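Q:
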Amino acid sequence: MSGSSGAWFILKPWLGLVAAITAGAIAHQFGAEGTFDDCRAISPGPLLIVAILCLAAAVAGAWVSSQVARAPSEDASRRLVGVISVGFAALAGFATVIPMVASLMLPPCFQ
């Protein structure tokens, strides 16, 4: 087993959690910066693009973690981490969808 495949083996059940935290943070920060710093520059278009990319990253991480969670050959602890990662990715995905909906419903600037 090489070093890179060993790292991948360790990361697989955690990938949903890591991807969801990173994607949620990026989507939230992008939306917050766009709203409070320059609301005219971050119209619904760029915010939707970033949010969709972040949502795709969270879904991809959840899919990898779900493969570990459903594998009967995995240890119980790795399967538990996989289930928790999938659940958190679903929660972070929901938190990423909220700014998408808000960007479509709210006007770009309140000035």
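Using numbering that gives the first Met the number 0, the letters of the sequence shown correspond one by one to residues 0 to 110.
By construction, the Cβ of each residue, glycine as well, lies at the ideal position given by its N, Cα and C atoms.
Keep in mind the model is a prediction, meaning the values are calculated, not measured.
1) Using CA atoms only, rank isn't needed, just tell me which of Gly86, Leu105, Ala68 is closest to Ala19.
2) How many Å lie between Ser84 and Ala68 at the Cα?
3) Measure the CB-CB distance between Pro98 and Gly23 and report whether it falls below 8 Å.
4) Measuring only the C-alpha atoms, how far is Val49 from Gly92?
5) Can you tell me the Cα-Cα spacing of Gln66 and Gly60, whole angstroms?
6) Around the Cβ of Gly44, are there at least 16 other Cβ atoms within 10 angstroms (buried) or fewer (exposed)?
7) Kindly indicate which residue of Thr21, Gln28, Ile25, Glu73 has the alpha-carbon position closest to the one of Lys11.
8) State yes or no: is the C-beta of Gly81 within less than 8 Å of the C-beta of Ser64?
A: Taking the structure as given:
1) Here residue 19 corresponds to residue number 20 of the sequence shown, with the count starting at 1. The residue with the shortest Cα to Cα distance from Ala19 is Gly86.
2) The residue given as residue 84 occupies position 85 in the sequence shown. The residue given as residue 68 occupies position 69 in the sequence shown. About 9 Å.
3) For the purposes of this step, residue 98 is identified with residue 99 of the sequence shown, where counting begins at 1. For the purposes of this step, residue 23 is identified with residue 24 of the sequence shown, where counting begins at 1. Going by C-beta atoms, Pro98 is not nearer than 8 Å to Gly23.
4) Numbered from its first residue, the sequence shown carries residue 49 at position 50. Numbered from its first residue, the sequence shown carries residue 92 at position 93. C-alpha separation (whole angstroms): 13 Å.
5) Along the sequence shown, one-based indexing puts residue 66 at 67. Along the sequence shown, one-based indexing puts residue 60 at 61. Each residue's Cα considered, the two are about 10 Å apart.
6) Looking up residue 44 in the sequence shown gives position 45. It is exposed - the Cβ of Gly44 has fewer than 16 other Cβ atoms within 10 Å.
7) As a working note, residue 11 is residue 12 in the sequence shown. Here the closest residue by C-alpha is Glu73.
8) Position 82 of the sequence shown holds residue 81. Position 65 of the sequence shown holds residue 64. Yes. Within cutoff.
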